[in-house]
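Shown next, in structure tokens, is the structure this report addresses.
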Amino acid sequence: MSVKKSLSHAILSFILLAMAGMAVMADTIKLKDGSVLKGKVVSYKEGRFTIIVYIGGSSSQHVIPVDEVDSVEFDPADVQATARAVEPQVTAIPEVDRPPAQPVIETVERAPVETPPAVERSAPETDSGMVPVIAEKTVSVAAAADWTSTEIRVQRGQRIVISASGEVDLGDNRRAKPDGMESADSRKLVPNKPTGALIAVVGDDNDDFIYVGGSSEFISPHNGILFLSVNEGNLRDNNGAFVARVKVLSNR
Numbered sequence: 040m041s042v043k044k045s046l047s048h049a050i051l052s053f054i055l056l057a058m059a060g061m062a063v064m065a066d067t068i069k070l071k072d073g074s075v076l077k078g079k080v081v082s083y084k085e086g087r088f089t090i091i092v093y094i095g096g097s098s099s100q101h102v103i104p105v106d107e108v109d110s111v112e113f114d115p116a117d118v119q120a121t122a123r124a125v126e127p128q129v130t131a132i133p134e135v136d137r138p139p140a141q142p143v144i145e146t147v148e149r150a151p152v153e154t155p156p157a158v159e160r161s162a163p164e165t166d167s168g169m170v171p172v173i174a175e176k177t178v179s180v181a182a183a184a185d186w187t188s189t190e191i192r193v194q195r196g197q198r199i200v201i202s203a204s205g206e207v208d209l210g211d212n213r214r215a216k217p218d219g220m221e222s223a224d225s226r227k228l229v230p231n232k233p234t235g236a237l238i239a240v241v242g243d244d245n246d247d248f249i250y251v252g253g254s255s256e257f258i259s260p261h262n263g264i265l266f267l268s269v270n271e272g273n274l275r276d277n278n279g280a281f282v283a284r285v286k287v288l289s290n291r
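Sequential numbering of the sequence shown, starting at 40, is according to our numbering.
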């Protein structure tokens with residue numbers, strides 16, 4: 040236990056020294072599930088990182104436990120000086136960290152989740168009720184916000200089910216439900232879908248926007264956090280919000 044504590048102190052010392060000296064630049068946080076977040080690490084407290092992720096003109100805050108983090112890459116100019124100060128302590132990490140981490144995760148997760156007969160029952164595309172739900176959340180999607188974070192991290196290949204309700208004001212006496220409305224808008228993110236409709240994207244580093252509407256089920260194309268928004272080019276004069284219920288189902 041004393042070895043683990045000393046290693047934890049070494050890791051935390053390195054991260055805190057790097058955070059104290061870094062400028063307002065983009066940090067890269069790689070998670071063990073394959074997700075990549077690009078933003079700014081603003082604090083570390085009680086074994087959790089607080090990270091600000093920027094998308095377009097908006098930002099969202101995420102709190103991530105340290106045991107879900109694979110690596111944190113700060114601005115190279117700031118990290119270089121800090122790394123020299125703690126280098127003798129960091130070299131001891133590979134010897135102790137490998138044995139306890141990997142065997143426990145693989146044996147616990149794979150046996151009960153991947154092999155039950157329930158996987159065969161969920162084969163029909165329409166029968167999502169037979170598939171275990173691994174994450175579920177109700178989110179208020181503000182019509183004036185660029186993107187609203189669900190704070191749910193999904194993996195590529197997972198099935199996502201979203202149902203939405205409510206009505207928003209798009210300005211100019213136009214109101215839309217989650218399915219959207221017929222209104223010309225050359226700047227909307229999904230050109231061939233109704234204006235004002237509910238849309239989604241997985242991760243903050245791609246333009247693979249997904250039409251959701253009032254109800255939708257789709258396969259996640261990427262690893263990352265699920266974001267929701269309104270399919271319109273000008274969001275500044277919008278009011279109101281949709282209420283979206285999000286479910287993430289286990290992999291097939």
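Ideal Cβ placement from N, Cα and C applies to all residues, glycine included.
Within 10 angstroms of its Cβ, does Gln100 collect 16 or more other Cβ (buried), or is it exposed?
exposed
I'd like to confirm the pairing. Which residues does DSSP put opposite Arg195 in its beta bridges?
In DSSP, Arg195 forms no bridge with anything.
Note down, in chain order, each residue of its chain lying with its Cβ closer than 6 Å to the Cβ of Val229, except the 5 sequence neighbours on either side.
Ile238, Phe248, Tyr250, Asn270
Just verifying my parser: in three-state terms, what is the DSSP assignment at Asp106?
helix
If I'm right that Gly196 touches Ser289 with Cβ under 8 Å, what's the distance once you round it to whole angstroms?
Wrong, their Cβ atoms sit about 10 Å apart, outside the cutoff.
For Ile132, count the other beta carbons within 10 Å of its own beta carbon; 16 or more makes it buried, fewer makes it exposed. Which is it?
Annotation note: pLDDT 48 at Ile132 (below 50); position unreliable, coordinate value reported separately. With fewer than 16 Cβ atoms within 10 Å of its Cβ, Ile132 is classed as exposed.
Might you give, ordered along the chain, the residues of its own chain that have their beta carbon closer than 7 Å to the beta carbon of Glu164, omitting 5 neighbours on each side?
Note on Glu164: pLDDT 43, under 50, position unreliable in the model; the coordinate value appears next. For Glu164, where only same-chain residues beyond five positions count, there are no Cβ hits under 7 Å.
Looking only at its chain, what residues have a beta carbon closer than 6 Å to the beta carbon of Pro151, apart from the 5 residues adjacent to it on each side?
Note on Pro151: pLDDT 48, under 50, position unreliable in the model; the coordinate value appears next. Excluding positions up to five away in sequence, the list is empty.
From which residue to which residue does the beta strand (DSSP E) around Gly210 run?
Boundaries of the beta strand (DSSP E) harbouring Gly210: 207-210, taken from the DSSP string.
Taking the straight line between their C-alpha atoms, what separation do you get for Ile71 and Arg214?
Before going further, note that residue 71 is Lys rather than Ile in the sequence given. Using only the alpha carbons, I get a separation of about 42 Å.
Can you find the residues in the same chain that come closer than 6 Å, C-beta to C-beta, to Thr67, ignoring five residues on each side of it along the sequence?
Lys77, Glu112
With 16 other CB atoms within 10 Å as the buried threshold, where does Ala182 fall?
Counting C-beta atoms within 10 angstroms of its own C-beta, Ala182 has 16 or more neighbours from the protein chains shown and is therefore classed as buried.
Hey, out of Phe266, Asn231, Leu209, Tyr83, whose CA is closest to Ser179's CA?
Of Phe266, Asn231, Leu209, Tyr83, the residue nearest in Cα terms is Phe266.
Tell me whether the region 201-210 and the region 269-284 touch, counting them as touching only if at least three CB pairs, one residue from each stretch, are closer than 8 Å.
yes
Quick one, are the C-beta atoms of Val240 and Val193 less than 9 Å apart?
No, they are not a contact pair.
For Thr187 versus Ser268, is the C-beta distance shorter than 9 Å?
yes
Between Asn277 and Val172, how many whole angstroms is the CB-CB distance? I'm expecting something under 8 Å.
The C-beta distance from Asn277 to Val172 rounds to 31 Å, too long to meet the 8 Å contact threshold.
Could you give the C-beta distance for Gly253 and Lys216, rounded to a whole number, given that I count them as a contact under 8 Å?
7 Å
Take Asp293 as the anchor and find which of Arg87, Thr89, Gly272, Ile91 has the nearest alpha-carbon.
Here the chain covers residues 40 to 291 and nothing more, so residue 293 does not appear.
Per the DSSP calculation, Lys69 is bridged to which residue(s)?
Val75, Ser110
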